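In our numbering, the protein residues as written are 2 to 129.
The beta-carbon is built from N, C-alpha and C at its ideal position, and this holds for glycine as well.
Quick caveat, the model's predicted, so the values are computed rather than measured.
Presented below is the structure to which this report refers.
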């Protein structure tokens, strides 16, 4: 197999730059695609109420056949990551039955921009 040759050797850096630029654009486009969220957040609805133990939540969901990737405490709530959309729907219904009144069960939306981009951006300057 004979590879095509550029007539001018100076074309290689330009072609490589264009290829890298296209790859970066495709990567950026994929990072901005909407994601199906499969994460739930459990919070207390009233001040003074204590969160359930993550292990007891895991056991209760596992008994109902719901596969869980992880349960993580975060600030004033628990983050429950699940395997699929179907598992998320089942877990949402099960948690409403398992937990007593006074707990909020919501979808946990991913941040709008990745953390490393937020760190680079820092605080915006307020001028004027």
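Report all residues from its chain with a CB closer than 8 Å to the CB of residue 55; omit the five preceding and five following residues, and keep chain order.
-> 72, 73, 74, 79
Exposed unless 16 or more other CB atoms sit within 10 angstroms - verdict on residue 81 | buried
Inside the stretch 8 to 94 only - beta strand (DSSP E) runs reaching at least 3 residues | 40 to 45, 69 to 75, 78 to 83
First and last residue of the uninterrupted beta strand (DSSP E) at residue 108 = 104 to 108
What do you get for residue 90, buried or exposed, if any count of 16 or more other CB atoms within 10 angstroms of its CB means buried?
-> exposed
Taking only heavy atoms of the ligand PLP into account, decide whether any of them is closer than 7 Å to the Cβ of residue 58.
-> Among the components modelled here there is no ligand, and therefore nothing to report on the ligand PLP.
If you drop the 5 nearest sequence neighbours on each side, which residues of the same chain put their C-beta closer than 7 Å to that of residue 47?
-> 103
Three-state class that DSSP yields for residue 96 in the structure shown | helix
If you check the beta carbons only, do residue 93 and residue 41 fall under 8 Å apart?
-> yes
Candidates 15, 43, 25: closest to residue 109 by CA position | 43
Excluding the five sequence neighbours on either side, which residues of its own chain have a C-beta within less than 7 Å of the C-beta of residue 27, listed in chain order?
-> none
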